[in-house]
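When we follow full-length UniProt numbering, the leftmost residue of the sequence shown carries the number 1, and every step to the right adds one. All C-beta atoms, glycine included, are put in the ideal place defined by N, C-alpha and C. For clarity, every value in this text was computed on a predicted model and none was experimentally measured.
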Amino acid sequence: MRPQALLSSLFRPLFHVGESLGIPRALLLETVGEEEDRLARPDVRVPYTALERLWALLVQVGGTEALAVRLAQAVEPTHVGLVGYVLVNSPDLGTSIQRYCRINALLDPRTKWRVLQTDRALRVELHLDPLDAWAPRLQHPPEGLLVTLVSSARLLSGEDWNPTRICFAHPRHAASAAVEDFLGITAEYDASAYLVEGDAAAARLPIRHADIELGNLLHARAEAELAQLRIHETRSWREQVGEVLAAQPRTGDLVPADVASRLAVSERTLQRRLREEGVTFAGLEDAVRRDRAFQFLRDGLLPHFEIAFLLGFSDPSAFTRAFRRWSGTTPGHWQQAQGAKDGSA
1 MRPQALLSSL FRPLFHVGES LGIPRALLLE TVGEEEDRLA RPDVRVPYTA
51 LERLWALLVQ VGGTEALAVR LAQAVEPTHV GLVGYVLVNS PDLGTSIQRY
101 CRINALLDPR TKWRVLQTDR ALRVELHLDP LDAWAPRLQH PPEGLLVTLV
151 SSARLLSGED WNPTRICFAH PRHAASAAVE DFLGITAEYD ASAYLVEGDA
201 AAARLPIRHA DIELGNLLHA RAEAELAQLR IHETRSWREQ VGEVLAAQPR
251 TGDLVPADVA SRLAVSERTL QRRLREEGVT FAGLEDAVRR DRAFQFLRDG
301 LLPHFEIAFL LGFSDPSAFT RAFRRWSGTT PGHWQQAQGA KDGSA
């Protein structure tokens, strides 16, 4: 099973926080282990270890500042793509929050949100994965998630409302007073859970400028993508590596480190997972070459020297040797035999 990873767009506001603290962008990129152009791509996923390193840096540099508030002020819902557009096109705040808690897995599949809406109140609970025990220790990361939820609700509704209750399962810190000033209430620290509550009137607040019909369509699309994500996460490593390799115009252009980066894991982890499944990167690459070779020859549209190039061979003779190993014959003889079969069919 592929390990879960975060959508790259979640790092945008965190970088904004870092730069507000005077941290050079080059250092932020180095900390997460990503390049600028790759991080800007909306489909890229980044390991949770990168998030941990980035938050550790932010806390090291600005731990006495209200990092949760800075994060909340840097977040714009539509910056996270489909999920954000679902939120801004929901009919009311309660529906928007309900939908967010459901489809947030498209952004962050490990962090869970639970919402309870009654006639009297709206309660949202944050549940961190045991693998993310570092977050409560740093205090600011889970605090940032809840404060951002409040800030986004204000932005979506256009109302400067305050929650009726907010709880943090970590101790008070140097910036707690500033966080409380932003929230407009006294927070409960050292609580048994991370949660925020609002009254029923807050849940009924309409979303400004929402296109409700569009929101319903986008929500359906988000649910479909969520279902696909669940399927994708259960696929084997050999399937996922093979898919990445097969998608390249020329086989052999990607080394293990490239594929590992695209799957949001380290090269060492990728190689270990493949060994656990009884395969190797070289073996999977050879299988992709073999399948593409037969397909190219079956299509009959390309000369052999061009097929050799697309399969990553140094010259046609290397391709011929490999094809003889795969099939027991040469590419030309195999094509002739296929033609004879087709003619007699």
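Start and end of the beta strand (DSSP E) containing Ile185?
As a first step, residue 185 must be located in the sequence shown, where it is residue number 185. Looking at the DSSP string, Ile185 is not in any beta strand (DSSP E), and its letter there is neither H nor E.
Could you say if the region 200-219 and the region 79-98 meet the contact criterion of at least three C-beta pairs nearer than 8 Å?
Because the criterion of three Cβ pairs below 8 Å is met, the region 200-219 and the region 79-98 touch.
So is His333 buried or exposed if we call it buried at 16+ other beta carbons inside 10 Å?
As a position in the sequence shown, residue 333 is number 333, starting the count at 1. By the 10 Å Cβ count, His333 comes out exposed.
If you draw a straight line from the C-alpha of Phe313 to the C-alpha of Gln336, how long is it?
What you label residue 313 is simply residue 313 of the sequence shown in a count that begins at 1. What you label residue 336 is simply residue 336 of the sequence shown in a count that begins at 1. If you take the alpha carbons of Phe313 and Gln336, they lie about 22 Å apart.
How should Ala345 be labelled, buried or exposed, when 16 other C-beta atoms within 10 angstroms of its C-beta is the threshold for buried?
Residue mapping note: residue 345 aligns to position 345 of the sequence shown, counting from 1. In this prediction, Ala345 has a pLDDT of 49, which is less than 50 and means its spatial position is unreliable; what the coordinates show is noted afterwards. Ala345 should be labelled exposed.
Sorted by chain position, which residues of the same chain lie with C-beta nearer than 7 Å to Met1's C-beta, five sequence neighbours on each side aside?
As a first step, residue 1 is located in the sequence shown; it is residue number 1 there, counting from the start. Because the pLDDT at Met1 is just 48, under 50, the model does not fix this residue reliably, and the point stays unresolved.
Would you please state the rounded distance, in angstroms, between the beta carbons of Pro249 and Phe281? I believe it to be under 8 Å.
Start at 1 with the first residue of the sequence shown, and residue 249 comes out as number 249. Start at 1 with the first residue of the sequence shown, and residue 281 comes out as number 281. Between Phe281 and Pro249 the Cβ distance is about 19 Å, and since that is not below 8 Å, they are no contact.
Could you spell out where the beta strand (DSSP E) holding Pro47 opens and where it closes?
Residue mapping note: residue 47 aligns to position 47 of the sequence shown, counting from 1. Counting along the chain, the beta strand (DSSP E) containing Pro47 begins and ends at Arg45 to Pro47.
Count the other CB atoms within 10 Å of the CB of Phe305; is the residue buried (16 or more) or exposed (fewer)?
Position 305 of the sequence shown, counted from the start, is the residue given in the question as residue 305. Its Cβ having fewer than 16 others within 10 Å, Phe305 is exposed.
Please state the DSSP three-state secondary structure of Gly198.
As a position in the sequence shown, residue 198 is number 198, starting the count at 1. Gly198 falls in the strand class under three-state DSSP.
Fully enclosed by the region 125-199, which beta strand (DSSP E) runs are 3 residues long or longer?
Listed in chain order, they are 165-167 and 194-199.
In the DSSP output, which residue or residues are listed as bridge partners for Trp113?
In the sequence shown, residue 113 corresponds to position 113, counting from 1. Note: Trp113 sits in a beta bridge opposite Leu126.
Applying the 10 Å Cβ sphere with the 16-neighbour rule, what's the burial state of Thr148?
Against the sequence shown, residue 148 aligns to sequence position 148. Result: buried.
Excluding the five sequence neighbours on either side, which residues of its own chain have a C-beta within less than 6 Å of the C-beta of Leu310, listed in chain order?
Position 310 of the sequence shown, counting from 1, holds the residue named residue 310. The residues are Arg250.
At what residue ranges does the region 12-97 contain a whole run of the alpha helix (DSSP H), taking only runs of 4 or more?
Entirely contained in the region 12-97, the alpha helix (DSSP H) runs reaching 4 residues are, in chain order, 25-32, 36-39, 48-62, 67-74 and 82-88.
Using the Cβ count rule (16 or more neighbours within 10 Å means buried), how would you classify Pro142?
Locating residue 142 in the sequence shown gives position 142, where the first residue counts as 1. It counts as buried.
Counting Cβ pairs, one atom from each stretch, are 3 or more of them under 8 Å apart for the region 6-24 and the region 38-55?
At 8 Å Cβ cutoff, the stretches touch.
Out of Leu183, Ala153 and Pro109, point me to the one whose CA is closest to Pro47's CA.
The residue labelled residue 47 in the question sits at position 47 within the sequence shown. Per the Cα distances, Pro109.
Select from Ile231, Thr64, Val279 and Glu52 the residue whose C-alpha is nearest the C-alpha of Ala133.
Stepping through the sequence shown from its first residue, residue 133 is reached at position 133. It is Glu52.
Could you check where the alpha helix (DSSP H) with Ala224 kicks off and where it finishes?
As a first step, residue 224 is located in the sequence shown; it is residue number 224 there, counting from the start. Start and end: Ile212 to Glu233.
Could you check what DSSP says for Ala121 in three-state terms: helix, strand or coil?
As a working note, residue 121 is residue 121 in the sequence shown. In the structure shown, Ala121 sits in a strand (DSSP, three-state: E or B).
When the Cα of Arg290 is compared with those of Phe319, Leu270 and Gly198, which residue comes out closest?
Residue numbering aside, residue 290 sits at position 290 when the sequence shown is read from its first letter. Minimum Cα distance to Arg290 is reached at Phe319.
Which residue spans inside the region 244-314 form an unbroken alpha helix (DSSP H) run of at least 4?
The qualifying runs are 256-262, 267-276, 281-299 and 304-310.
Looking only at its chain, what residues have a beta carbon closer than 8 Å to the beta carbon of Ile185, apart from the 5 residues adjacent to it on each side?
Here the question's residue 185 lines up with position 185 in the sequence shown. So the list reads Asn162, Pro163, Thr164, Arg165 and Ile166, once near-sequence residues are dropped.
Can you tell me where the beta strand (DSSP E) with Ala5 in it begins and where it stops?
Translated into positions along the sequence shown, residue 5 becomes position 5. Segment Ala5 to Leu7, the beta strand (DSSP E) holding Ala5.
Measuring alpha carbon to alpha carbon, tell me which residue in Leu254, Trp237, Leu205 and Asp253 is nearest Arg272.
The count along the sequence shown starts at 1 and reaches residue 272 at position 272. Checked all of Leu254, Trp237, Leu205 and Asp253; the closest Cα to Arg272 is Trp237.
Go through its chain and collect everything with a Cβ distance to Asp160's Cβ below 7 Å, but skip five positions before and after it.
As a first step, residue 160 is located in the sequence shown; it is residue number 160 there, counting from the start. Counting only Cβ-Cβ distances below 7 Å, and skipping sequence neighbours, we find Arg154.
Using the rule of at least 16 other Cβ atoms within 10 Å of the residue's Cβ for burial, across every protein chain shown, is Ala308 buried or exposed?
One-based indexing of the sequence shown puts residue 308 at position 308. So Ala308 ends up on the buried side.
Is the beta carbon of Ala187 less than 7 Å from the beta carbon of Glu180?
As a working note, residue 187 is residue 187 in the sequence shown. As a working note, residue 180 is residue 180 in the sequence shown. Yes.
So Leu67 and His140 are supposed to be a Cβ contact under 8 Å. How far apart are they, rounded?
Residue numbering aside, residue 67 sits at position 67 when the sequence shown is read from its first letter. Residue numbering aside, residue 140 sits at position 140 when the sequence shown is read from its first letter. Contact flag correct, Cβ pair sits at about 4 Å.
What is the rounded straight-line gap between the Cα of Glu35 and the Cα of Gly328?
As a position in the sequence shown, residue 35 is number 35, starting the count at 1. As a position in the sequence shown, residue 328 is number 328, starting the count at 1. Cα to Cα, Glu35 sits roughly 45 Å from Gly328.
Quick one: residues in its chain with C-beta nearer than 8 Å to the C-beta of Leu218, no 5 flanking neighbours on either side, listed in chain order?
Here residue 218 refers to the residue found at position 218 of the sequence shown. Cβ within range, chain order: Leu82, Tyr85, Val86 and Asn89.
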